[in-house]
Each structure stands twice: as structure tokens, then as C-alpha cells.
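The sequence shown: position 309 = 308 (numbering that gives the first Met the number 0), numbered continuously.
We treat Cβ as the ideally placed atom computed from N, Cα and C, and that holds for glycine.
No experiment lies behind these values; they were computed from the predicted model shown.
Notes follow the structure.
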Amino acid sequence: MRLFVTGATGFIGAHVAERLRARGDDVVALVRSLARAGALRELGCELVQGQLTDGDALRAGVSGCDGIVHIAAAYKLGVTPDECRDMQRSNVGGTEAIFEAGVDAGIDRILYVSTINYFGNTFGRVLKEGDERPSMDFLSCYDETKYRAHQLALEFIGRGAPIVIAQPGSVYGPKDHSQVGRMIFDARRGRAKLMMFPDLGINMVHVEDAADGIVLALVKGRVGESYILGGHIGTLGELVRRVAELAGRRPPKLSLPSWLIRASLPLSPVISKALGLPSNLRELVKASDAVTYWATDDKARRELGYSPRSLDEGLRRTLSESR
Numbered sequence: 000m001r002l003f004v005t006g007a008t009g010f011i012g013a014h015v016a017e018r019l020r021a022r023g024d025d026v027v028a029l030v031r032s033l034a035r036a037g038a039l040r041e042l043g044c045e046l047v048q049g050q051l052t053d054g055d056a057l058r059a060g061v062s063g064c065d066g067i068v069h070i071a072a073a074y075k076l077g078v079t080p081d082e083c084r085d086m087q088r089s090n091v092g093g094t095e096a097i098f099e100a101g102v103d104a105g106i107d108r109i110l111y112v113s114t115i116n117y118f119g120n121t122f123g124r125v126l127k128e129g130d131e132r133p134s135m136d137f138l139s140c141y142d143e144t145k146y147r148a149h150q151l152a153l154e155f156i157g158r159g160a161p162i163v164i165a166q167p168g169s170v171y172g173p174k175d176h177s178q179v180g181r182m183i184f185d186a187r188r189g190r191a192k193l194m195m196f197p198d199l200g201i202n203m204v205h206v207e208d209a210a211d212g213i214v215l216a217l218v219k220g221r222v223g224e225s226y227i228l229g230g231h232i233g234t235l236g237e238l239v240r241r242v243a244e245l246a247g248r249r250p251p252k253l254s255l256p257s258w259l260i261r262a263s264l265p266l267s268p269v270i271s272k273a274l275g276l277p278s279n280l281r282e283l284v285k286a287s288d289a290v291t292y293w294a295t296d297d298k299a300r301r302e303l304g305y306s307p308r309s310l311d312e313g314l315r316r317t318l319s320e321s322r
């Protein structure tokens, strides 16, 4: 297949691009900077420079393609109002532009990468595809924009667009520069002395498994269906402790009480700077304190042959490749 791929320079997208090229697919990658796309060029990908909302770039990218893999999304917790507006333009406006370009070009298949966060707080329940979001109280700008983008996918499906949806969990692995990635790095180095939000419920999936699942959804997924790509259902505290144990380090014994974090919100600019946290600490707390993002990947295992590795196997691979 000839595929137009967004987000191919990103954490997940780079692995997807590698797998598509290994399959023999032609990959046309949308990139913001040609200078930073050397790895894609070495893979043999064609490059189109532009933004997600750049209509000319999108039309050029999808021209002659059989399918689209839309992975690109802005992700950050604790954003400022300006950052939130940028996130809305990228995650919602960009997704709509991608779908419109694909439909206008008569693309045969569109794989949209959503997220388990589409469900918001699952309140301790393990949800599945098709379940309703338990609460419409959005936890963050990212939460809201990815929900809106997912709804756009459903609307386009209702109008006949050939869209398949993949919903990865909390993705980890080598070269992960997210907040979770930094926690893994600190735990591996023995620097994690104080734990924040140890009870945050996440579905942990190694980046290679997420990439495999995305390709499986592209190839085997049924149009109009969603597929959750999970791994190990647990907590952030469990993840950090296990990293420390596997690395031969002492896990953090202390956690910052939630009541203290919330009581400190009026001083968030000072605290954020001191602890290296985002400036909008209120959003970070809302999205992380006593929240679970849990969903089952049974459908992907059954229909796609999705088979993620265990948490220990994934963490060992992460630690071995991060040295």
C-alpha cells in the first residue's frame, strides 16, 4: 500500500513508519521540518512538509495514496490557555482536515489513532469499545480535544468514511520524553525519592506493541470499529516501583498527599517551578489525582491477533535500550 502518515517523527509514529516500511509499504510522511526528518528519509519515506491544517500539504500528501494513518497529536498536561488553543487547532482542526482530505481524495482506508483517554475517568471500572464516557467533565485540554477528535471520526464514519479507530493506552518505552517517561528515567537512576499520584490508574503498553497494534488495526480492522490497544492495567505507583526494582534501585517510599497538593494550588507557579512541573498545576492535578484510565484490549486480541508483552518484559526492554 501507499500510505500517508502523520506523526511519523513522533514517539509512536516512528515505530509505525518502521513497521510499514518493513512490510514493503510506501510511506509518505507529513513533517513540519525536513531537517528533523533524517531518520524517515533513511527509511525510504517520501516527505511532505507542512502542518496538519495546511490544506495544500495534505492534498499533496494523500495524492495517489491508498490509505492514511493519522497519528499526530499534541500531548501535554498542565497547559496554558494559549497552549490549549494550539492543541485544539492541532488535535481537532487538524484531524478534521485530514479526514476531509482523505474523503475528497477517495482514500480506501483511514486509520485514526485516538486514545483510551477518550473515556476520561473510568472511576475504577475497566471499559470496552462502545461504552459511554462516564462523565463529560473534561479533565484536561488534551482530554477534551482527543474526545472531540474521536467524535469527529464517528461523525465521518456515519457519513460513509472508511475509518478504523485505534485507542492506545499509556505508551512507554525508550526515548519517551513524556512526564511518565521522565518518571521511568528517574526511577531507573534511583532519583525518584517522592511519588506524586501513585494511585493514578493507567493501562501501560510498550511503544512497540502500540505500533504493532496500529498496523494490525490498519490491515485487519473493520471499518467503523474501534480497537483498544492496551497492555498492563495498573497504577503509576506500580509502574515506578517495578522500574526501580528491575533496575536494582530503591523505589520511592514517600508520596505527596493529594490534600497537600490541592491545598498548594494557589502557590502553583512557585511549586511548579521548584518541582519542574507544568505551570498549570490545577489541570495536572485534575487529570491525575484519584483518576483511572482503564479499558480492556480483549477485542483487539480476538479480532486483530494483538498480543502485547507483559509489563516486566516491556520494562526490561525499555531499560536495556535506554542505557
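Exercise. If we count Cβ pairs, one from each stretch, closer than 8 Å, do we get three or more for the segment 26-40 versus the segment 236-244?
Worked result: no
For this session: Consult DSSP for Ala-165 and reduce its assignment to one of helix, strand or coil.
Result: strand
For this session: For Gly-223, I'd like the list of residues in its chain whose CB is within less than 8 Å of its CB, leaving aside the five on either flank, ordered along the chain.
Result: Ile-156, Ile-162 and Val-163
Exercise. Which residue's Cα is closest to the Cα of Arg-146: Gln-178, Arg-132 and Leu-303?
Worked result: The amino acid at residue 146 is misidentified as Arg; the sequence shows Tyr. The option with the nearest alpha carbon to Tyr-146 is Arg-132.
Problem set entry | Reduced DSSP secondary structure (H/G/I, E/B, other) of Asn-287 | Sequence check: residue 287 is Ser here, not Asn. Ser-287 falls in the helix class under three-state DSSP.
For this session: Name the one or two DSSP bridge partners that Val-68 has.
Result: Val-4 and Leu-110
Exercise. Between Ala-262 and Ala-186, what straight-line distance do the alpha-carbon atoms span, to the nearest angstrom?
Worked result: 27 Å
For this session: Please go through the same chain and pick out, in chain order, the residues whose beta-carbon is closer than 6 Å to the beta-carbon of Phe-122, but skip the five residues on each side of it.
Result: Pro-133
Exercise. Shortest alpha-carbon distance to Leu-46 belongs to which of Ala-34, Gly-54 and Ala-104?
Worked result: Ala-34
For this session: Identify whether Asp-296 lies in helix, strand or coil by the three-state DSSP scheme.
Result: coil
For this session: For Gln-166, count neighbouring Cβ atoms within 10 angstroms of its own Cβ and tell me buried if that reaches 16, exposed if not.
Result: buried
Exercise. In terms of residues, what are the limits of the alpha helix (DSSP H) holding Tyr-226?
Worked result: Taken as a continuous stretch (DSSP letters only), Tyr-226 belongs to no alpha helix (DSSP H), being part of the beta strand (DSSP E) at 225-228.
Problem set entry | Ala-157 - containing alpha helix (DSSP H), residue span | Correcting the residue type first, residue 157 is Gly in the shown sequence and not Ala. Looking at the DSSP string, the run of the alpha helix (DSSP H) that includes Gly-157 is 140-157.
Problem set entry | Simplified DSSP state of Gln-48, which is helix, strand or coil | strand
For this session: With Ala-385 as the anchor, note down where its alpha helix (DSSP H) starts and where it stops.
Result: Residue 385 lies beyond the stretch modelled for the chain, which goes from 0 to 322, so this question has no answer here.
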